[in-house]
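The structure appears right after this line, and notes come after that.
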Amino acid sequence: MAALTPVALLKSQLNLEHDLDDTLLAHKLDAAEIWIGNYTGSPFAPGEAVLTEAALQLAAYWYEQRESASDVTLRPVPFGVHDLLASYREAVTGHVED
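Sequential numbering from 404 applies to the sequence shown in our numbering.
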C-alpha cells in the first residue's frame, strides 16, 4: 500500500530540504498509516487532521530513531500518538450481541 499522507508534509515536519531519503520517508509513512489502522481498528482515513498528525509524529519518530537498540531508553511509539488516537480507537469489550 502506498502512503496516503504526502511525503512533502513529513519532510516539513522533519525540516528536511533534500530528496535523498524520500523512498525511506514514504516507507515510514506507509508503516505508520498501517500501524494506526491496526491500533484504531479502522483503515487510515486521509484528510483527517488528527490521524495525519499521528502518522506524521509516528513516521518522524521512526525516521529519527532507526535502531531498536540503544544506550538510551527508546519507546516504540511517541507519547502523543496514543493520545491523538484515543478517540478513534474502537472499544472491544468481549461482549457479542445476538
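Just so it is clear, CB atoms sit at the ideal spot from N, CA and C, and this is done for glycine as well. None of these values were measured; they are calculated from a predicted model.
Query, Result
"If we call anything under 7 Å between Cβ atoms a contact, is L413 one with L428?", "yes"
"Alpha carbon to alpha carbon, how far is L454 from P446? Give it in angstroms, no decimals.", "11 Å"
"Please classify L461 as buried or exposed, where buried requires at least 16 neighbouring CB atoms within 10 angstroms.", "buried"
"Which residues in the same chain as E456 place their Cβ atom closer than 8 Å to its Cβ, once the five residues preceding and following it in sequence are excluded?", "L487"
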